[in-house]
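Structure record follows, encoded as structure tokens.
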Amino acid sequence: MASKKKEMKKTDELYQLLLSKGYPKEFCAEIAYTNMNTDYTATRMLGYLYRVSDPRLEELVDEMLAILSDRDAIIKKKEMEHAQAAINEIYRNGL
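When the letters of the sequence shown are read in order and numbered with the numbering used here, they come out as residues 49 to 143.
Quick look at the structure:
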């Protein structure tokens, strides 16, 4: 039976890429494992890092904050859609 190579998690991939670009280890861990700790946010940050060769720390933090802001907006939109669907159901069928 052929062994399968374990796929690297997006957060681990992000951490390794940040390290390879020479950022401090603690900074890399904070970005990858504390702030960009979902596949969605890590993938977005990876995309940024592949497009922008060597961003300064400040630029990297700005991009992280923009990604987190987008994620929060998407979450709020989904919550509002869910609430609106519940209200519509009540209007259609009553309590």
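The beta-carbon is built from N, C-alpha and C at its ideal position, and this holds for glycine as well. Since the model is a prediction, treat every value here as computed from it, not as a measurement.
- Residue Gly-70 holds the alpha-carbon nearest to the alpha-carbon of Ser-101 among Asn-136, Gly-70, Met-56 and Glu-61.
- The beta carbon of Glu-111 sits closer than 6 Å to those of Tyr-96, all from its chain and outside the five residues before and after it, given in chain order.
- Counting along the chain, Asp-118 sits inside the alpha helix (DSSP H) bounded by residues 105-141.
- Excluding residues up to 5 positions away in sequence, Leu-94 and Leu-97 lie with their Cβ nearer than 8 Å to the Cβ of Leu-65 in the same chain.
- Remark: C-beta atoms of Leu-113 and Phe-75 do not approach each other more closely than 9 Å.
- Straight across, the Cα-Cα distance linking Ala-77 with Ala-133 is about 39 Å.
- Bounds of the alpha helix (DSSP H) holding Ala-77 are 73-77.
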